[in-house]
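Asks: Below you will find the structure I want to go over with you.
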Amino acid sequence: MSKQNSNLKDFQRIVGENNVLYKEIALRLYSYDAALDRACPTAVLFPENKEQISALVKICYKNKIPFVARGAGTNLCGGTIPLQQAVVIAPTRMNKIISIDPEKKCAVVEPGLPNLFLKKALEPYGLYYAPDPASQKACTIGGNIGTNAGGPHCLKYGVTSHHVRGLEIVLPNGEITELNILQKGYDLVGLMVGSEGTLGIVTQATLNLLTLPAKVETMLVSFPSLEAAIQTVTDIISSGIIPATLEAMDKITVQAVEAFIHAGYPTDAEAVLLIEVDGEEEILEDVKKIRELCKKNLCQEFRLAQNKLEREKLWEGRRGSYPAMARLSPNVLVEDGAVPRNKLPEAHHRIRKIAEENNLNVSLIFHAGDGNLHPQILFDERNLEETKKVKKAGSDMLKVCIDLGGTISGEHGIGMDKKEAMRWLFTQETLELFRRIKQAFDPDNLCNPDKLIPTKDAKEVLFREQKNQKKSSENDLFMPSKKETNPITQTSPTSIVPKDEEEACSFLKNIWLDQKKVLIQGLGNSLKKHSLTPDVLFCTKNLNKILEHDVENFTVTVEAGIKVEDLQKFLCEKRQKILFSSLEKSIGGTLALNLDQTPLLRDQILGIKLALADGHVVQFGAKVMKNVAGYDAGKLLLGSRGSLGVILSVILKTFPLNYPIQAQPNAQKRESVENNIPENMLEIHKKIKNSFDPKGIFYELPLLRS
Ligand SMILES: Cc1cc2nc3c(=O)[nH]c(=O)nc-3n(C[C@H](O)[C@H](O)[C@H](O)COP(=O)(O)OP(=O)(O)OC[C@H]3O[C@@H](n4cnc5c(N)ncnc54)[C@H](O)[C@@H]3O)c2cc1C
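Sequential numbering of the sequence shown, starting at 304, is according to our numbering.
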C-alpha cells in the first residue's frame, strides 16, 4: 500500500469513510476560497469532535503531512488554499452552541457554527455577539477567529479579538490545550485570534456577549461628494458620539446595489453614509446632532428608517454590496486597506487615480468610522493580461494605505494573497520574529504552511545565529519551580537611563555583547516592592515624550516611560482621554504588568514599538483602528513583565472626554481569578520567550500578572 493510501486509511479509521473526500472531482471543490488562488488538497476530512481533530493532527504530525483548517471558505485572502499538498481539516460539522450563560454574558460554541446562527440563537436572551461580517450567513466562528473578522458594528464594539474570552485548541503536534484571557503568562488567546490557522486548530471558543440595545436608529444620508461624507464621519466622532456603525459607499457601489437589491438607495448621490446609533432614549439626541452635522456638510437627503423593516432593507443593501458587484463581471478582487480615518479622502483620491490610469472598473465601500476601505475591482480572470493589471493595481492601492500610515489588511487577513505585501509593511526583524513565533508552535511548518509570513528572502541578513548558543537555565522562567523566586544574585546593578530610543538601542547592543542580565524599570514603583538587584537596571523614565497626538483620528503615540497621569493631563486639555486609571505608573509599566483590567487594556492598544535584547527594533500595529496584518504579537507584551524586551513607544486609542467608560464592550467587571498556564503550554511559553530573547538577557518580574 502506498504511503498516501495508508494515510487515507488512517484518516478513515478516525472519522469514518463517509467523512473523508479523496476523489479528484470532490477535492476540486476545496481547491479555492473567495479569493483568486487555487490548489487541490490531497484529502478533505470532516471531524465531529476535538478528539478526532487531535487524532488527525497527530497522524499529520507523525507523517509530516501539512494540514489546513477550513471553515466556510469565505475568506478573501487565499487563507484556506491547501499548499504543499496539504489535507483540509474542516470542522464544519462541529457547529453546536454548547452553552449560553446570560448572567456571565458568554457563550461556548464549536468552531463550525455560522456567525448568523449564533446571532439568531441569542435573540431570545436579549443578547448578541458583536462581530458581524457581511458574510455572516455563511462564515463560521472558527473562520472569524482565524481572520480576526470585523464587520459594520465593530466601530463601537470592537473586532473578534475583543470578544473571545477563551479558546480550546488542537496544537500542531495534536495535543489539546485550553487558553483564556485571564491566564497567567503571555496572552496566547490574543496571539491565536487572527493567526489564520497557522498556530493550531480552534475546537471550541468562549465568546463575549452584549445586551441588545433598547433602541436603535438607522440613517441613510446622501452627499454630493465622498469628501463631504468622510468629513461628516470625522465630525460625528469628534463630537463625542461613537455610532454603532458608520459605513460609506461610493456612487458606483450605490448604483450596483440599487440595481440588484432595490434597497431604496439614492443613485444620483456621489456618496452615501449608513449610520446607526444604539442605546437608550438619549440616542434621539445623538440623531439630532448627527442630522445637524450632516446638514453642515451639505448632505442632500437625510432619511431615518421608520421601522425594523425599513432598517433591514437599508442593511440588506449594504450587506449585498459584494454580490451586487460580483454579478457584473466574472471576478471581483476585493482589497482591504486601512488608514487613519482622516486620511480616507486622500486614500480615496489616490485609489481612484490608480483605477483611472489602469482603466479599471472599481467601486469603493468603507467601514468609514474605522478607516477601513474595500476597493472592489471588476475583471475576468480568463484574460491574463487584465488579471495581471488588476493584481498590480490592487497592490498599488495597498501601498497607498501604507504610505498614509495605514495597513494592508483591516479585517480580511493576509493568507497567501498578501504575503509578499508583508515585506512592504514590516521590517525584516519583525518578519523574522513572526517566523520564530510560528516555529515555537509549529517547528515542522505543517499547520497551514506558507501563509501570512513571506518566506525568508535569500538576501535577508540572518538576524541572529542561535544554533550554537548555550541555553541559560534562567530562561526557564515559566517552570513552576522558578517562576516565583528571585533569580538575581548580584547586589549592585548598573543603572542605565537612556534619553531616547536610539540611545536605548545602542545600550542594549552593548549589554547583548557583554551578556549582562537586565531588569527593565519604568518609574520603579513595582521594583521597590520586589527589591531586585540585577546586573543592569534599564530605566525608561526619560523616554517620556508625547510623539504625536492625532486629535481628529483619536490616537496618541507616546514613549513608554511617560507617566499615565501626565498623559491624561495633556489629553484633558484637548478634551480627550485614555481609559487608563493607574495614574502613578508609566504607560510601559502598565502594559508590562497588564494593569487596568477594566476596560481591558488589551483593547486600547493600537501599536507597540519594542527593542529586542540585541537592540534591534520590532514594531507591531499602526495608527489605525483595525489591523490584521501579521501576528498580533503586541498582545504578548501585556503581562510579559519585562521578559521579552524594552517597550519603547505605544500607540493608544483616545476617547472624547465625555465618553462613558461603560460604553466599552469589555467594561463590565470580570471575575479576576487567574488560571495557571496549562502544563502543555509551558514549553510554548519558553519558546516564545526564546524567540524574543534567545540569550535570556531580560529578567522577568516575579509573580506573573499580579
Ligand atoms: C461577501 C463577503 C463579505 C465579507 N464581509 C466581511 C466583513 O464584513 N468582515 C470581515 O472581517 N470579513 C468579511 N469577509 C471575509 C470572510 O467572510 C471572513 O474572513 C470570515 O471570517 C471567514 O470565515 P470562514 O468560516 O469562511 O473561514 P475560512 O475562509 O474557511 O477560513 C479563514 C481562515 O481561518 C482559518 N480557520 C478556519 N477555521 C479555523 C479553525 N477552526 N481553527 C483555526 N483556524 C481556522 C483558516 O485556515 C483560514 O486561514 C467577507 C467575505 C465575503 C465573501
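Heads up, the beta-carbon is just placed ideally off N, CA and C, and yes, glycines get one too.
Using alpha carbons as the reference points, say which of E588, P633, E615 and K938 lies closest to G567.
Replies: E615
Asks: For S776 and E982, I'd like the C-alpha separation in whole angstroms.
Replies: Only weak support exists for where S776 lies, its pLDDT of 37 falling under 50; the coordinates are left without a value.
Asks: For A627, collect the residues of the same chain with a Cβ closer than 6 angstroms to its Cβ; drop the 5 residues on either side in sequence, then sort them by chain order.
Replies: A559, V560 and F563
Asks: What residue does the beta strand (DSSP E) around K956 start on, and which one ends it?
Replies: V949 to K956
Asks: For K754, is the beta carbon positioned less than 8 angstroms from some heavy atom of ligand 1?
Replies: True, at least one ligand heavy atom lies under 8 angstroms from that Cβ.
Asks: Cα separation between T383 and T501?
Replies: A direct Cα-to-Cα measurement between T383 and T501 gives close to 10 angstroms.
Asks: From which residue to which residue does the beta strand (DSSP E) around L311 run?
Replies: Here L311 belongs to no beta strand (DSSP E); instead the alpha helix (DSSP H) covers K306 to V318.
Asks: I'd like to confirm something about C875: is its beta-carbon nearer than 8 angstroms to some heavy atom of ligand 1, or not?
Replies: no
Asks: Taking C-alpha atoms, which residue in I578, Q731, L587 and F605 lies nearest to H670?
Replies: I578
Asks: Near C442, which residues of its chain fall below 6 angstroms by C-beta distance, leaving aside the five closest residues on each side in sequence?
Replies: A375, T377, N418 and P436
Asks: Can you look up Q388 in the DSSP assignment and give me helix, strand or coil?
Replies: Three-state DSSP puts Q388 in coil, outside helix and strand.
Asks: By how many angstroms is the C-alpha of N610 removed from the C-alpha of G864?
Replies: 51 angstroms
Asks: Mapping the DSSP letters down to three states, classify V867 as helix, strand or coil.
Replies: helix
Asks: Considering K990, what are the terminal residues of the alpha helix (DSSP H) in which it resides?
Replies: E982 to F995
Asks: Using C-beta distances below 7 angstroms, list every residue in its chain close to N930, excluding the 5 sequence neighbours before and after it, in chain order.
Replies: A641, T710, G713 and G924
Asks: Under 8 angstroms: does the beta carbon of D340 sit that close to some heavy atom of ligand 1?
Replies: no
Asks: Could you please give me the residues that DSSP links to E520 through a beta bridge?
Replies: V580
Asks: Since M552 sits in a beta bridge, which residues does DSSP pair it with?
Replies: V575 and I668
Asks: Please return the same chain residues whose Cβ sits closer than 7 angstroms to the Cβ of T570, not counting the five positions on each side in sequence.
Replies: V557, Q558 and E561
Asks: Please name the residue, chosen from P405, I400, L421 and K423, that lies closest to V412 on a Cα-to-Cα basis.
Replies: I400
Asks: Let me know the beta strand (DSSP E) ranges lying completely inside the region 651-734, each 3 residues or longer, listed in chain order.
Replies: 664-670 and 675-682
Asks: Could you check if N1020 is buried or exposed, using at least 16 other CB atoms within 10 Å of its CB as the buried criterion?
Replies: Residue numbering for the chain in the displayed model covers 304 to 1009; residue 1020 lies beyond these limits and cannot be assessed.
Asks: Using DSSP with H/G/I as helix, E/B as strand and the rest coil, what is V412?
Replies: strand
Asks: Pull up the distance between the alpha-carbon of G469 and that of V524, whole angstroms please.
Replies: 39 angstroms
Asks: Which residue spans inside the region 403-479 form an unbroken beta strand (DSSP E) run of at least 3?
Replies: 409-412 and 467-473
Asks: Measuring CB to CB, does A256 end up less than 9 angstroms from L529?
Replies: As shown, the chain starts at 304 and ends at 1009. That puts residue 256 outside it, with no answer to give.
Asks: Just confirm the distance between the C-beta atoms of D581 and P516, as a whole number of angstroms; I'd bet it's less than 8 angstroms.
Replies: 4 angstroms
Asks: From which residue to which residue does the beta strand (DSSP E) around I272 run?
Replies: Nothing in the structure corresponds to residue 272, since the chain is present only between 304 and 1009.
Asks: Is the beta carbon of V536 closer than 9 angstroms to that of L576?
Replies: Closer than 9 angstroms, so yes.
Asks: Quick one: grab the DSSP three-state call for P643.
Replies: coil
Asks: Could you tell me the alpha carbon to alpha carbon distance between E585 and A547, rounded to whole angstroms?
Replies: E585 and A547: Cα-Cα distance of roughly 14 angstroms.
Asks: Could you check how far apart the C-beta atoms of G918 and S809 are, in whole angstroms? I think they sit under 8 angstroms.
Replies: 6 angstroms
Asks: Using 10 angstroms around the beta-carbon of D673, count the other beta-carbons present and answer buried if the total reaches 16, otherwise exposed.
Replies: When all chains shown are included, D673 counts as buried.
Asks: On a CA-only basis, which of P678, V492, P796 and N661 is nearest A936? Give me that one, please.
Replies: With distances taken between Cα atoms, A936 lies closest to V492.
Asks: In whole angstroms, what separates the C-alpha of T758 from that of A724?
Replies: 12 angstroms
Asks: Measure the CB-CB distance between V467 and L421 and report whether it falls below 9 angstroms.
Replies: no
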